[in-house]
Ligand SMILES: [Zn+2]
Ligand SMILES: [Zn+2]
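Numbering (my numbering), first residue to last: 448 to 874.
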């Protein structure tokens, strides 16, 4: 069995693992390189036009795992397998991506024909592609996210895509796979970072929210549409915030899709109650800032979406009425994105709506906080997962420095490699 890393080799983004086995070519994940999980696309996987793909198995809806699927389908007309929530969510995210980046090689029609041909698969049920057998396992990362177990050529391999072992409010954690594996292909996003406990992060977050509201200000959460929006709604509901909580942007549509799949959620009733508690914003966005309130708005890295205009509105409130508001990031901001600029240089980047106009950099005088609710396994979860599985080979992908992670694993006695994009590994 040959594994070729076409994307996510020593990088986060454009995940694409090509398996050549039993006379077939199968890709696990087909993603785009994105600066933000909601926005701004920059790269495609290295899938040559000469290869005909026999099937694609998509781990989850984030664009860095699903965004290239319409191109795979356009070229190869092959079956594409994913869970039902991933079908709905990736359709939403990819259509949005096409609006933002018209240069993508596939069109709206290709997206539609891809999603009318995808095959929805439940967790824990084995499927066959000729002599290849595969099973999707719950990854605990976002609703519908899956890890993939695959058997072929008398080998058994496991691909984590993105996963989280610990429970969150929204999802049960990924279960440890059982048995012997010839290879584990594992994400390495947080191979160097321990996560602070969820409870501590939540308590710090709620303290900031309450202090801001008591001072008469508003709290803005720039938030990813899928997963984080729903989890934040649950956190805010659990602490009984005494102020209106608004939702704006794509998180609303994503929430409507997610609540339709209760079997993929840890406590669907709790999520539904938390979402029912949110107020939608109409055309007049100024209603939100007329009283102390909380706003959950896309995008998570301030690369676009209504979060930009709310940041400006809150800053104006500070200038005109001396009211202090807060901005809380609950997810990672890639260097150079709008969120990163705000955190590190206290400026908001406002891109022009009309072509030809200049991008503005607006100084922002608001409290900016980091309360990370990560949906990835931290260092402790990654090591524990690998040690319990004890696979014959570990292939480290989806990280900024996969080589040092692999080196550390080798020091601990594992046969670990960190292929770059274009490299192949024999299993
Ligand atoms: Zn992901
Ligand atoms: Zn990812």
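The beta-carbon is built from N, C-alpha and C at its ideal position, and this holds for glycine as well. Just so we're clear, the structure is a prediction, and the values are computed from it rather than from any experiment.
I need the boundaries of the beta strand (DSSP E) containing residue 853, first residue and last residue.
Taking the first residue of the chain shown as 1, we reach residue 853 at position 406. Residue 853 -> not in any beta strand (DSSP E); alpha helix (DSSP H) instead, spanning 849-858.
Do residue 459 and ligand 2 come close, with the Cβ less than 7 Å from some heavy atom?
As a working mapping, residue 459 is identified with position 12 in the chain shown. Yes, the Cβ of residue 459 comes within 7 Å of a heavy atom of ligand 2.
When the Cα atoms are used, what is the spatial distance from residue 585 to residue 592?
Along the chain shown, one-based indexing puts residue 585 at 138. Along the chain shown, one-based indexing puts residue 592 at 145. Each residue's alpha carbon lies about 6 Å from the other.
Could you name the residues of the same chain whose beta carbon sits closer than 6 Å to that of residue 861, not counting the 5 residues immediately before and after it, in chain order?
Taking the first residue of the chain shown as 1, we reach residue 861 at position 414. Contacts found: 841.
So what does DSSP say about residue 574, is it helix, strand or coil?
As a position in the chain shown, residue 574 is number 127, starting the count at 1. Residue state, collapsed to three classes: strand.
Does at least one heavy atom of ligand 2 sit under 7 Å from the Cβ of residue 635?
Along the chain shown, one-based indexing puts residue 635 at 188. No, the Cβ of residue 635 stays beyond 7 Å of every heavy atom of ligand 2.
Out of curiosity, what's the CA-to-CA distance linking residue 596 and residue 623?
Start at 1 with the first residue of the chain shown, and residue 596 comes out as number 149. Start at 1 with the first residue of the chain shown, and residue 623 comes out as number 176. Rounded to the nearest angstrom, the two C-alpha atoms are 12 Å apart.
In terms of residues, what are the limits of the alpha helix (DSSP H) holding residue 422?
The displayed coordinates of the chain run from 448 to 874. Any statement about residue 422 would go beyond what the structure contains.
Let me check one thing: in DSSP terms, what residues is residue 814 bridge-paired to?
Translated into the one-based positions of the chain shown, residue 814 becomes position 367. Bridge partners of residue 814: 773.
So, is residue 611 buried or exposed, given that buried needs 16 or more other C-beta atoms within 10 angstroms?
One-based indexing of the chain shown puts residue 611 at position 164. Result: buried.
Taking only runs of the beta strand (DSSP E) that begin and end inside the stretch 534-602, which ones reach a length of at least 3 residues, in chain order?
565-567, 574-576, 579-585, 593-599
Please name the residue or residues paired with residue 605 in a DSSP beta bridge.
Taking the chain shown and counting its residues from 1, the one referred to as residue 605 is at position 158. Partner(s): 596, 631.
Could you please give the first and the last residue of the uninterrupted beta strand (DSSP E) stretch that includes residue 471?
What you label residue 471 is simply residue 24 of the chain shown in a count that begins at 1. Residue 471 -> beta strand (DSSP E) spans 471-475.
Where residue 873 falls: helix, strand or coil (DSSP):
Position 426 of the chain shown, counted from the first residue, corresponds to residue 873. Residue state, collapsed to three classes: strand.
Alpha helix (DSSP H) runs contained entirely in the stretch 712-761, provided each spans 4 or more residues:
715-723
State yes or no: is the beta carbon of residue 510 nearer than 8 Å to at least one beta carbon in chain D?
Protein chain content of the structure displayed is limited to a single chain, and chain D is not contained in it.
Rank 607, 564, 589, 563 by C-alpha distance to the C-alpha of residue 582 and give the top, closest one.
Looking up residue 582 in the chain shown gives position 135. Closest by alpha carbon: 607.
Bridge partner(s) assigned by DSSP for residue 490:
Stepping through the chain shown from its first residue, residue 490 is reached at position 43. Answer is 480, bridged to residue 490.
Rounded to whole angstroms, what's the CA-CA distance from residue 869 to residue 701? Just pull it up for me.
Walking along the chain shown from the start, residue 869 turns up at place 422. Walking along the chain shown from the start, residue 701 turns up at place 254. About 34 Å.
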